[in-house]
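Enquirer:
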Amino acid sequence: MKTVSLTIDGNKVTASEGDKVLWAALDNGIYIPNLCALRDAAEPAAACRLCFIEVEGCSKPVTACTEPVQEGMVVNTKGANALRLARTGFELLMASHPVDCAHCASNGVCELQIIARHLSIKLKSKRFRKLLRELPIDSSSPEFVYDPNKCVLCGRCVWICRERLGIGALGFAYRGFKRMVTTFGGEPIAESSCHGCDECVLACPTGALTLKDQHGGVSRAQRQKDPQPTAP
Amino acid sequence: MALNKDKRMAEEQAEFKQQTKQILKRFGRKRSNLIPILQKVQGKLGYLPREAMLEIAEFLNMPDIDVYSVVTFYNQFRLNPPGKHSIRVCLGTACHMKGGYITLDAWKRRLEIEPSETTPDREFDLDTVACVGCCTMAPVTVVDNKPQGKVEPTKVDGLLLGFELERKKQKPGGQLPTDEA
Ligand code: FES
Ligand code: FES
């Protein structure tokens, strides 16, 4: 396969032809915020709108996950316009995300924390009114817990379950603010066609899907606290 | 009694399956036929029961969640059986300004169901619509396809009382109603 060379943030990098800028950057240790991108997917979903970059010669920022690399291309991941779009997108996302990191099993490994740090903004934004959904948590699976409130609708689990594993236990349902990842008929995961392979859990960038045996259904932070009963 | 009910439900499910199969005969096994199929099946059964969705998913060789996904995406599709009376609360711009949400809350409270649900006795189903073209009467509720104007919570009670009286009239001597469900 032909390789092309391009510049990302002043670094000369090479990538295979047809590759997207996002992967070229990540493969060379340059981080671009992303949630919905999947390397093996036939078509990028381009749904999360966090991976904005600026390309020399383009008047507007573009999404790195859809932009193919080109010979001699000059990419800037830190452009003010691109970052502004990414920040707004992220703040909107966080406006319906319960921020309770101390009690979340994904604390420390959560991609939302990584993105917030990268964009140097807070997880709790004051810019938008908070709107939470308060959906019931599904702990029916013997393997993992699904908390739809923490889902950012990136679609990674859905793609893996259907395209890579050919199971199709998870999918999107409803529309607009009610949109969610769920099973057929919204039934508990244990009653769906889920095999309990945990691949979706590994793909989840947030605390929406977390392993049970690793955390016993509770977060690490909680477990550390529990042995010492709090004084009245 | 419970056994009887189970039996009735099983019969109903078998019936749904049968009728869905019948409709599927007229279609090719193409994914693009999903929406026309759903429309036809709902046209026949009044809603899209679980059995029908499963049958369709198998026919089109797609994960059942994909069928569910489409059914929940479009307002047109129902997951619950239609009630004897349909209540459609308008939340269009004018009705919204005139307190459509308060009206909706009143219906929800009285019927004890959420929008897109049906009461357990299948008397009423509740849903919202976005403008029915008679904004001067806002807030509007379309009851059994008839737009009713200025539906404030007290009028909700009035309309429900009307249904109540009608039902009483229909069965003189307090006779048990014939099973609608
Ligand atoms: S990673 Fe590009 S839009 Fe989500
Ligand atoms: S907004 Fe309700 S009828 Fe127009």
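Chains L and V, in that order, are what the protein sequence lines are.
Position 130, counted from 1, in the first sequence is what our numbering calls 130; the numbers after and before it change by one each time, with no gaps.
Position 28, counted from 1, in the second sequence is what our numbering calls 1028; the numbers after and before it change by one each time, with no gaps.
The beta-carbon is built from N, C-alpha and C at its ideal position, and this holds for glycine as well.
The structure displayed is predicted, hence computed values, not measured ones.
Mapping DSSP to helix, strand and coil, what is L/A231?
Expert: Residue numbering aside, residue 231 of chain L sits at position 231 when the first sequence is read from its first letter. Low confidence applies to L/A231: its pLDDT is 34, below 50, so where it sits in the model is not reliable, and the reading given next is rough at best. Reduced to three states, the DSSP call for L/A231 is coil.
Enquirer: According to DSSP, is L/G89 part of a helix, a strand, or is it coil?
Expert: The residue labelled residue 89 of chain L in the question sits at position 89 within the first sequence. In the structure shown, L/G89 sits in a helix (DSSP, three-state: H, G or I).
Enquirer: Please classify V/Q1076: does DSSP put it in a helix, a strand, or coil?
Expert: Residue mapping note: residue 1076 of chain V aligns to position 76 of the second sequence, counting from 1. Note: V/Q1076 maps to coil in three-state DSSP.
Enquirer: Should V/V1132 be counted as a contact of ligand 4 given a C-beta to heavy atom distance under 6 Å?
Expert: Ligands displayed in this structure: ligand 1 and ligand 2; ligand 4 is not among them.
Enquirer: Would the C-beta of L/D87 count as close to ligand 1, meaning under 6 Å from any of its heavy atoms?
Expert: For the purposes of this step, residue 87 of chain L is taken as the residue at position 87 of the first sequence. Reading off the sequence shown, one finds Arg at residue 87 of chain L, where the question assumed Asp. Incorrect: L/R87 has no Cβ contact closer than 6 Å to ligand 1.
Enquirer: Against chain V, does L/F184 count as a neighbour if the rule is that its beta carbon must be under 7 Å from one of theirs?
Expert: Translated into positions along the first sequence, residue 184 of chain L becomes position 184. Yes - at least one Cβ of chain V is within 7 Å of the one on L/F184.
Enquirer: Just how far apart, CA to CA, sit L/P142 and L/G72?
Expert: Taking the first residue of the first sequence as 1, we reach residue 142 of chain L at position 142. Taking the first residue of the first sequence as 1, we reach residue 72 of chain L at position 72. Their Cα atoms are separated by approximately 51 Å.
Enquirer: Is it right to say L/C48 is buried, meaning 16 or more other beta carbons lie within 10 angstroms of its own, or is it exposed?
Expert: In the first sequence, counting from the first residue as 1, residue 48 of chain L sits at position 48. Looking at its Cβ environment, which holds 16 or more other Cβ atoms inside 10 Å, L/C48 is buried.
Enquirer: Contact defined as beta carbons within less than 8 Å: I believe V/N1080 pairs with V/E1051. What is the distance between those atoms, to the nearest angstrom?
Expert: Walking along the second sequence from the start, residue 1080 of chain V turns up at place 80. Walking along the second sequence from the start, residue 1051 of chain V turns up at place 51. Rounded, the Cβ-Cβ distance is 14 Å, inconsistent with contact.
Enquirer: Taking contact to mean at least 3 C-beta pairs separated by less than 8 Å, is the region 1096-1110 of chain V in contact with the region 1059-1070 of chain V?
Expert: At 8 Å Cβ cutoff, the stretches do not touch.
Enquirer: Quick check: is the beta carbon of V/Y1068 nearer than 7 Å to any beta carbon in chain L?
Expert: Residue 1068 of chain V sits at position 68 when you count from the first residue of the second sequence. So, interface residue.
Enquirer: Run through the DSSP bridge pairs and tell me what L/N11 is partnered with.
Expert: Looking up residue 11 of chain L in the first sequence gives position 11. Paired residues: L/I8.
Enquirer: Residues of chain V with CB under 9 Å from L/Y174, in chain order?
Expert: To locate residue 174 of chain L, count along the first sequence from 1; it is residue 174. Correct list: S1069, T1072, F1073.
Enquirer: With respect to the beta strand (DSSP E) encompassing L/Y146, which residues constitute its N-terminal and C-terminal limits?
Expert: Here the question's residue 146 of chain L lines up with position 146 in the first sequence. First-last of the beta strand (DSSP E) with L/Y146: 144-146.
Enquirer: Alpha carbon to alpha carbon, how far is V/G1083 from V/L1045?
Expert: In the second sequence, counting from the first residue as 1, residue 1083 of chain V sits at position 83. In the second sequence, counting from the first residue as 1, residue 1045 of chain V sits at position 45. C-alpha separation (whole angstroms): 13 Å.
Enquirer: Give the secondary structure of V/P1203 by DSSP, where H, G and I count as helix, E and B as strand, and everything else as coil.
Expert: What is shown of chain V runs 1001 to 1181, which leaves residue 1203 of chain V out entirely.
Enquirer: From the DSSP secondary-structure annotation, give me the bridge partner or partners of L/G171.
Expert: Sequence index remark: in the first sequence, residue 171 of chain L carries index 171 (1-based). L/G171 is bridged to L/T182.
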